[in-house]
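Protein chains in written order, with the working numbering: chain A, 29 to 231; chain B, 29 to 231. The structure appears right after this line, and notes come after that.
There are 2 protein chains.
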Amino acid sequence: MPKQVDHRERRETIARALWRVVERRGVTQLTMRVVAREAGISLGQLQHYFASRAAMLSFAMDFASEQTSHRVERGLRELGDRPHPRDVLRLTLAEMLPLHADARATSRMSAAYVLEALHDEVVHEQARRGLVEGRGHVERLVRQAIADGHIDSGRDPATETDLLLALTGFTSLIELGVVRPRDALTAIDVHLDRLFSGNDRSR
Amino acid sequence: MPKQVDHRERRETIARALWRVVERRGVTQLTMRVVAREAGISLGQLQHYFASRAAMLSFAMDFASEQTSHRVERGLRELGDRPHPRDVLRLTLAEMLPLHADARATSRMSAAYVLEALHDEVVHEQARRGLVEGRGHVERLVRQAIADGHIDSGRDPATETDLLLALTGFTSLIELGVVRPRDALTAIDVHLDRLFSGNDRSR
Chain A
29 MPKQVDHRER RETIARALWR VVERRGVTQL TMRVVAREAG ISLGQLQHYF
79 ASRAAMLSFA MDFASEQTSH RVERGLRELG DRPHPRDVLR LTLAEMLPLH
129 ADARATSRMS AAYVLEALHD EVVHEQARRG LVEGRGHVER LVRQAIADGH
179 IDSGRDPATE TDLLLALTGF TSLIELGVVR PRDALTAIDV HLDRLFSGND
229 RSR
Chain B
29 MPKQVDHRER RETIARALWR VVERRGVTQL TMRVVAREAG ISLGQLQHYF
79 ASRAAMLSFA MDFASEQTSH RVERGLRELG DRPHPRDVLR LTLAEMLPLH
129 ADARATSRMS AAYVLEALHD EVVHEQARRG LVEGRGHVER LVRQAIADGH
179 IDSGRDPATE TDLLLALTGF TSLIELGVVR PRDALTAIDV HLDRLFSGND
229 RSR
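Written out as structure tokens, the structure reads:
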């Protein structure tokens with residue numbers, strides 16, 4: 029196996045160990061020593077792959093975002109050749125919520141990361157960049173849906189994008205059992221129905 | 029000063045010190061020793077008021093929720109005798125977002141608390157109960173607004189409540205500088221306008 033690939037694989041194995049620690053024990057327990065133990069390697073080996081806790085956390089967050097994107101892409105392929113923008117947005121939003129084990133792991137990773145970002149400038153900048161990119165992706169979908177007549181042209185794309193992203197607020201409501209997953213999905217459907225039916229409604 | 033009051037005041041002083049630690053240094057730095065130092069007392073004195081880190085955290089969270097309620101009540105008094113339910117909901121949602129220093133402190137406290145709840149059953153139950161209560165309060169406002177004809181009777185109160193609470197998802201978007209506070213407020217206004225104008229719209 030080429031060395032580069034092996035290096036990447038090992039970093040991904042460590043990132044998954046880090047997710048497990050965050051998911052089961054919480055970010056307060058997240059030290060390089062604990063992650064090394066969870067990954068079944070020595071602290072020295074871990075330090076060979078990541079120079080610092082922040083570097084390890086950054087890679088694990090990027091990897092979590094990648095995994096979320098892959099899940100969305102797989103879902104999109106199932107929607108066929110020309111998916112309706114409403115379905116694309118629904119899939120994108122749903123995969124950001126802790127509705128199944130994989131999404132829960134990346135969602136908890138992401139929550140821990142945001143908290144960490146508040147006290148670490150480098151993490152803050154990386155987290156901000158990732159979210160700005162994700163926001164840009166959603167806004168392009170919204171603008172295209174307006175251009176294609178699926179969403180009323182009177183809607184402000186920036187505001188609609190912000191409202192869609194804000195729905196990730198369901199995360200803690202689901203995690204704490206305040207809102208059931210199916211009720212969160214119902215609410216998201218109601219929101220999307222209103223967004224997409226605006227142009228069909230007589231006023 | 030009566031002993032009971034003094035005890036309560038000292039616990040509030042400690043809770044505020046805990047908030048400052050969470051806000052400035054993050055939940056990963058949150059130990060009883062660090063909070064004692066921030067509060068300017070000894071670890072032994074702190075332990076006199078709180079038997080454990082979890083007990084201290086629980087009190088600080090309850091106190092944060094109380095402070096948020098007080099801010100909302102103060103805002104409501106400014107709205108006059110019979111405030112419009114739209115204004116009440118806007119005020120309630122806005123005070124849950126990190127839009128000013130006090131709200132930021134309680135919002136960060138709350139985020140840290142949710143993460144802690146994922147790995148501590150007692151904290152989980154307390155956090156869940158607090159959120160269920162807050163959700164019930166918002167749902168009563170929505171139901172009353174439907175009963176009074178401010179919101180279309182075709183709207184499902186439970187789903188509308190869930191959508192309103194999910195808008196607290198603006199928290200991390202604001203904290204990371206992805207959405208500006210004023211854009212979040214614009215989006216909330218657009219959402220509330222749609223919720224309250226549904227009954228006036230011809231269909």
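Just so you know, even glycine gets a beta-carbon here, dropped at the ideal spot from N, CA and C.
Checklist line | Neighbourhood of A:Gln172 by C-beta distance below 7 Å, restricted to the same chain and skipping five residues each side | finding: Hits under 7 Å: Pro113.
Item checked: Per-residue burial, B:Arg52 [other beta carbons within 10 Å of its own, 16 or more giving buried] -> Flag for B:Arg52 reads exposed.
Notebook entry, point to check: Counting only beta-carbon atoms, is A:Arg61 nearer than 8 Å to chain B?
Noted result: No, no contact with chain B.
Check: How would you label B:Asp221, buried or exposed, when you count the other beta carbons within 10 angstroms and need 16 or more for buried?
Finding: Per the 10 Å Cβ criterion, exposed.
Check: So what does DSSP say about B:Ser86, is it helix, strand or coil?
Finding: Judged by DSSP in its simplified three-state form, B:Ser86 adopts helix.
Next item on the list: For B:Ser200, go through chain A and note every residue whose CB falls closer than 7 Å to its CB, in chain order.
Entry: Chain order gives the chain A residues near B:Ser200 as Val142, where near means a beta carbon separation below 7 Å.
Check: Which whole runs of the alpha helix (DSSP H) in the segment 173 to 200 of chain A are 4 residues long or more, in chain order?
Finding: As far as the segment 173 to 200 of chain A is concerned, its whole alpha helix (DSSP H) runs of at least 4 residues are 185 to 194.
Checklist line | Closest Cα partner of B:Ala186 within the set B:Gly197, B:Asp180 and B:Gly164 | finding: Looking from the CA of B:Ala186, the closest CA among B:Gly197, B:Asp180 and B:Gly164 belongs to B:Gly164.
Next item on the list: Report yes if the CB atom of A:Ala215 is closer than 8 Å to the CB atom of B:Asp190, and no otherwise.
Entry: Against a cut-off of 8 Å, the Cβ pair of B:Asp190 and A:Ala215 comes out as a contact.
Next item on the list: Measure from the alpha carbon of B:Phe198 to the alpha carbon of each residue in B:Glu188, B:Ala212 and B:Leu192, then state which is nearest.
Entry: That would be B:Ala212, whose Cα lies nearest to the Cα of B:Phe198.
Item checked: Through-space distance from B:Phe224 to B:Gly182, alpha-carbon basis -> Rounded to whole angstroms, B:Gly182 to B:Phe224 spans 12 Å at the Cα level.
Margin query: Does chain A have any CB closer than 8 Å to the CB of B:Asp221?
Written below: Contact with chain A is absent for B:Asp221, since none of that chain's Cβ atoms lies less than 8 Å from the residue's Cβ.
Check: Quick one, which residues of the segment 204 to 221 of chain B are near chain A if we go by CB-CB under 8 Å, in chain order?
Finding: Taking 8 Å as the Cβ-Cβ cut-off, the segment 204 to 221 of chain B approaches chain A at Leu204, Gly205, Val206, Val207, Asp211, Ala212, Thr214, Ala215, Val218 and His219, given in chain order.
Notebook entry, point to check: Looking at the structure shown, is A:Asp228 part of a helix, part of a strand, or coil, going by DSSP?
Noted result: With a pLDDT of 41 at A:Asp228, under the threshold of 50, the modelled position of this residue cannot be trusted; read the value that follows with caution. It is helical.
Check: Is the CB of A:Gly197 under 8 Å away from at least one CB in chain B?
Finding: A:Gly197 counts as touching chain B.
Checklist line | Range of the contiguous alpha helix (DSSP H) that encloses A:Gly72 | finding: Leu71 to Tyr77 is the span of the alpha helix (DSSP H), which, as asked, contains A:Gly72.
Next item on the list: Could you please tell me which residues of the segment 144 to 157 of chain A, in chain order, have their CB closer than 9 Å to any CB of chain B?
Entry: Residues of the segment 144 to 157 of chain A with a C-beta atom less than 9 Å from some C-beta of chain B are Glu144, Ala145, Leu146, His147, Asp148, His152, Ala155 and Arg156, listed in chain order.
Checklist line | Helix, strand or coil at A:Pro209 [DSSP, three-state] | finding: In this structure, DSSP gives A:Pro209 a helical state, which the three-state scheme calls helix.
Item checked: Closer than 7 Å at the beta carbon, the chain E residues around A:Gly182 -> The structure shown contains no chain E; its protein chains are A and B.
Check: How is the alpha helix (DSSP H) around A:Asp148 delimited, first residue to last?
Finding: Taken as a continuous stretch (DSSP letters only), A:Asp148 belongs to no alpha helix (DSSP H), as it is neither H nor E.
Item checked: Whole-angstrom C-beta distance between B:Arg156 and A:Val206, which should lie under 8 Å -> Your pair A:Val206 and B:Arg156 checks out as a contact, with CB atoms roughly 6 Å apart and the cut at 8 Å.
Note to self: When you compare the CB of A:Arg53 with every CB in chain B, is at least one pair closer than 8 Å?
What the structure shows: Interface residue, yes.
Note to self: So A:Leu85 contacts chain B; which residues on that side make the cut at Cβ distance below 9 Å?
What the structure shows: Contacts between A:Leu85 and chain B, judged by CB atoms closer than 9 Å, are missing: the closest CB pair is about 11 Å apart.
Item checked: Candidates B:Arg102, B:Gly72 and B:Val160, of which the one nearest B:Glu123 by Cα -> Distance from the Cα of B:Glu123 is smallest, within the candidate group B:Arg102, B:Gly72 and B:Val160, for B:Arg102.
Next item on the list: Going by CA-CA distance only, name the one from A:Glu144, A:Ala129, A:Arg61 and A:Pro111 that's closest to A:Val55.
Entry: It is A:Glu144.
Check: Between A:Tyr77 and the rest of its own chain, which residues show a CB-CB distance below 7 Å, the 5 nearest in sequence each way excluded?
Finding: A distance below 7 Å between beta-carbons, with the five flanking residues on each side excluded, links A:Tyr77 to the following residues of its chain, in chain order: Arg38, Arg39 and Ile42.
Check: Can you tell me whether B:Leu192 is buried or exposed, with buried defined as 16 or more other CB within 10 angstroms of its CB?
Finding: B:Leu192 should be labelled buried.
Margin query: With a threshold of 7 Å (Cβ to nearest heavy atom), would A:Asp130 be considered close to the ligand SAH?
Written below: No copy of the ligand SAH occurs in the structure displayed, which carries no ligand at all.
Note to self: Using a 10 Å radius around the Cβ and a threshold of 16 neighbouring Cβ atoms, would you call B:Leu159 buried or exposed?
What the structure shows: A residue is called buried when at least 16 other Cβ atoms come within 10 angstroms of its Cβ; B:Leu159 meets this threshold and is buried.
Note to self: Against chain B, does A:Arg163 count as a neighbour if the rule is that its beta carbon must be under 8 Å from one of theirs?
What the structure shows: Residue-level contact by beta carbon holds for A:Arg163 and chain B, with a gap shorter than 8 Å.
Notebook entry, point to check: Going along the chain, which residues of its own chain have a beta-carbon closer than 7 Å to the beta-carbon of B:Leu121, five neighbours each way excluded?
Noted result: Excluding sequence positions up to five before and after B:Leu121, its CB lies within less than 7 Å of the CB of Leu192, Leu195 and Ile216, all in the same chain and listed in chain order.
Check: What residues in the segment 115 to 128 of chain B bring their beta carbon closer than 8 Å to a beta carbon of chain A?
Finding: Those would be none; no residue qualifies.
Note to self: Using CA atoms only, rank isn't needed, just tell me which of B:Gln73, B:Ala45 and B:Ser86 is closest to B:Glu66.
What the structure shows: In terms of Cα proximity to B:Glu66, the closest of B:Gln73, B:Ala45 and B:Ser86 is B:Ala45.
Next item on the list: Measuring only between beta-carbons, confirm whether B:Leu169 sits less than 8 Å from chain A.
Entry: So no, B:Leu169 is outside the interface.
Next item on the list: Could you name the residues of chain B that A:Leu191 contacts, counting a contact when the two beta carbons are closer than 8 Å?
Entry: Leu195, Ala215, Val218 and His219, listed in chain order.
Notebook entry, point to check: Are there three or more Cβ pairs, one per stretch, closer than 8 Å when the segment 91 to 110 of chain B is compared with the segment 68 to 76 of chain B?
Noted result: No: the two stretches stay apart, fewer than three of their Cβ pairs being nearer than 8 Å.
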